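Data first, discussion second: the structure below is written as structure tokens.
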Amino acid sequence: AISLLFYARQITMGKSSSQEGSSAYSEYLSRAEDIADQILRNGKHVLPHLARFCLISTFFEDGFRMWFQWDEQRDYMDQTWHCGHVIGTIFVLFNLVAQLGGCVMVLSRQKVEIAVGILSSVIVVQTLAYRI
């Protein structure tokens, strides 16, 4: 965003100063650039956490869905694989704990490599279980 504003500012400065509105546009652009710089400076410490959350948001949502749709997920596994309630429950429990636990580990930056491995195993297990 900053480089785009800088580029637009360079284009504006390249115009002749005799044009009306050029100085008003440059003033507006300069003010917008200052506001963007201030937002980036003040929000710089939040951006890494926000980026991590965006990367794991699917796992986070799926983990909570496992929690709230426990019975439906277990019954789906039982009907699809004919494995019984015990294996279905173990599958749902694995997904729930692995996804939410992995998300917490990534967000707290605790053993991120292990967390990525756990979340990757969820992808593999779900690919096999749901025949995706």
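Numbering (my numbering), first residue to last: 752 to 883.
Glycine is no exception: its CB is placed at the ideal position from the N, C-alpha and C atoms.
Note that the structure is predicted; figures quoted are calculated from it, not measured.
Ser808 and Arg860 have their C-alpha atoms some 15 angstroms from each other. With a minimum length of 4 residues, the unbroken runs of alpha helix (DSSP H) contained wholly in the stretch 764–846 fall at 773–794, 798–819, 821–832. Contact between the stretch 855–871 and the stretch 801–821 is present, with at least three C-beta pairs closer than 8 angstroms. Judged by beta-carbon spacing, Asp829 lies beyond the 9 angstroms limit of Ile841, meaning their Cβ atoms are not closer than that value.
In the three-state DSSP reduction, Ser872 falls in the helix class (H, G or I).
When the Cα atoms are used, His796 and Gly835 turn out to be separated by approximately 48 angstroms.
Rounded to whole angstroms, the Cβ separation of Val848 and Trp821 is 13 angstroms, and the two are not in contact under 8 angstroms. Rounded to whole angstroms, Gln824 and Met817 show a C-alpha spacing of 7 angstroms.
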